[in-house]
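Taking it in order: structure first as structure tokens, then the write-up.
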Amino acid sequence: MKYQSKPCAKHIDPNDIALISHLYWTEKTKVRVGKDLSDEVDIKKGVRQGCVLSPSLLNLYTEYIFREIDDVPGLKVNGEIENINNLRYADDTELLAESENDLQNLVTIIEKKSEQYGLMMNTKKTKVMVISKTEPPKVNIKVKGKCIEQIEQFKYLGQLITTDARSDDEIKSRITITKSAFTKLSHILTSKKVGLLTRPTSETRWHRHSIVVVVVVVVVVVVVVVVFDVP
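Its first residue numbered 1, the sequence shown is counted upward by one per residue in full-length UniProt numbering.
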């Protein structure tokens, strides 16, 4: 098991390593095709799907990979004070760079480090996007010789990020979601059978709707500034 031979294993109790190793070394499965069931086969790769331990095991790997690239050029925040080349949440990772060459260098390093830890970058799920106030140029970022698809927008932690770094589309999306939620509950909110103490008045409904929109605007601005505010 790779955990036993990697630096991250030095910080794990040997008893825990033994338990994890036993859990995975003894794992087997069968494959069902229609009514036919195969013989048992050993599972030699991957983590257990749905297991509460799986995210932690993945984080052990990725944390040590990204600790080794702290000095690789990314985005400069506050001038030259802070270098940020990645954003991570669970198994979702964003690599950040100020130029095509820097991004390709970062991707190549991550690719090699991942292989050392027994991981592989999924080229089908990996995308590239250029953030620019003008028309974004086409870039050619490769993983294992394959070009990564360039996109114009993607969702990061539920927020829509676009190539122009504006929040217009995100605000429209949130307003649409809010209207949809209100419409689904309109039979209750506008029902005369529901008392005024339970059913909000038109004034309170407007205030609540306004609060939702304001919160969305604040959240979007924070995300854009933190991620894409390049000097």
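Even glycine gets a Cβ: it sits at the ideal position worked out from N, Cα and C.
Distance from the CA atom of T29 to the CA atom of I141, rounded to whole angstroms, is 38 Å. Here Y24 carries a helix assignment [DSSP, helix/strand/coil].
In this structure the segment 40-57 does not touch the segment 67-76; the number of beta carbon pairs closer than 8 Å is below three. Around the CB of S132, fewer than 16 other CB atoms lie within 10 Å, so the residue is classed as exposed. For Y61, the enclosing alpha helix (DSSP H) starts and ends at 54-67.
Going by beta carbons, L95 and I110 fall inside the 8 Å limit. Taking all protein chains shown into account, E149 has fewer than 16 neighbouring C-beta atoms within 10 Å of its C-beta and is therefore exposed. Rounded to whole angstroms, the Cβ separation of I43 and E27 is 5 Å, and the two are in contact under 8 Å. In this structure, DSSP gives K35 a state outside helix and strand, which the three-state scheme calls coil. Straight-line measurement puts the Cα of E100 at about 20 Å from the Cα of E82.
When secondary structure is reduced to three states using DSSP, V143 falls in the strand class. Going by beta carbons, Y117 and Y61 fall inside the 8 Å limit.
An exposed status is given to S186, since fewer than 16 other beta-carbon atoms sit within 10 Å of its beta-carbon. Beta bridge pairing from DSSP links Y89 with D92.
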